[in-house]
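Numbering (this note's numbering), first residue to last: 659 to 945.
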Ligand SMILES: [Zn+2]
């Protein structure tokens, strides 16, 4: 919303506003994923694991490097909140903000999910998305956003004055605590901004506020990723259900989500190497 609408505009306001928009990180400047190779590797891959995420809860899963994993809609329209970590080092985790800056507010096939500084490398590459047809709707909304953070009990307390224990933040915290056999106090700092799987969101055109609308996902839809490094994932089935109305409560209809892990024929990954950590020497101008 306008910060100070009563502030008089300077004489050259139109000129200042008329400068060209420059894409910060233009397409084509990033190291591309070998999509033809990944597309070929998908053929004949074998399912090796499956995890059902109950509604209003989360579960962890492992997706080793060189494998694919899918998040699948089952039973009903449901949004999922995804966290990813390096299974060997939880300090390397999904960097929602940089992924947004490098790709867009919403991600799709060919985009990568990048890790935090100082590693800044692709953790996963999106290889298939049955909602790829959605594009941008009349409200400017798309699916699979890297805008929203995750629903959490602190914001809920702030806004509603009560406590709700099945926000995605808490669900992810419990899932990580269980996966690593650590306390929720130890697990919580590792929970981070998510990929909002299947969520349909945008910014309102008049006030630029973050909005959500009912997800177009239907049972059978899935988004698929290629693991670039050994991953520990956690997925929460958001208490908002399809996120068409409300969240942080037991009001919405919620459904499970399914995670499937697939192993391709290793010979099909010809030429692929797991990305190395970022090469910047971390001297920051000193030494
Ligand atoms: Zn949520």
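Note that CB positions come from ideal geometry on N, CA and C, so glycine has one too.
Distances taken from the Cβ of residue 808 to the heavy atoms of ligand 1 include one shorter than 7 Å. For ligand 1, a non-hydrogen atom lies closer than 7 Å to the CB of residue 898. Across the set 930, 928, 892, the C-alpha of 892 shows the shortest separation from the C-alpha of residue 709.
In this structure, DSSP gives residue 858 an extended state, which the three-state scheme calls strand. Across the structure, residue 829 and residue 666 are spaced so that their CA atoms are roughly 48 Å apart. Between residue 739 and residue 852, the C-beta spacing is below 8 Å. In this structure, the C-beta of residue 858 stays at least 7 Å away from each heavy atom of ligand 1. As the crow flies, the alpha-carbon of residue 898 is around 10 Å from that of residue 872. Per the DSSP secondary-structure output, residue 726 pairs in a beta bridge with 884, 920. DSSP assignment within the segment 769-820 yields the following whole beta strand (DSSP E) runs of 3 residues or more, N-terminal first: 770-772, 780-787, 800-803.
In this structure, DSSP gives residue 665 a state outside helix and strand, which the three-state scheme calls coil. Remark: C-beta atoms of residue 809 and residue 885 do not approach each other more closely than 8 Å. Annotation: residue 677 is outside any alpha helix (DSSP H) and is labelled neither H nor E by DSSP. Remark: C-beta atoms of residue 737 and residue 896 approach each other more closely than 8 Å.
Beta-carbon to beta-carbon, residue 763 and residue 801 are separated by about 11 Å, too far to satisfy the 8 Å threshold.
Taken from the Cβ of residue 912, every heavy atom of ligand 1 lies 7 Å or farther away.
DSSP, read as helix, strand or coil, puts residue 835 in helix.
In the DSSP secondary-structure assignment, residue 752 is bridged to 773. Within the DSSP secondary-structure output, residue 717 pairs in a beta bridge with 893. About 5 Å separates the beta carbons of residue 721 and residue 919, which is inside the 8 Å limit, making them a contact pair. Going by beta carbons, residue 938 and residue 776 fall inside the 8 Å limit. The Cβ atoms of residue 917 and residue 752 do not sit closer than 8 Å to each other. Around the beta carbon of residue 839, fewer than 16 other beta carbons sit within 10 angstroms, so the residue counts as exposed.
Rounded to whole angstroms, the gap between the alpha carbons of residue 766 and residue 685 is 14 Å. Look at residue 894: its beta carbon is less than 7 Å from one of the heavy atoms in ligand 1. For residue 923, the distance from the CB to the nearest heavy atom of ligand 1 is not below 7 Å. Contact between residue 695 and residue 922 does not hold, since their C-beta atoms are separated by about 10 Å, which reaches or exceeds 8 Å.
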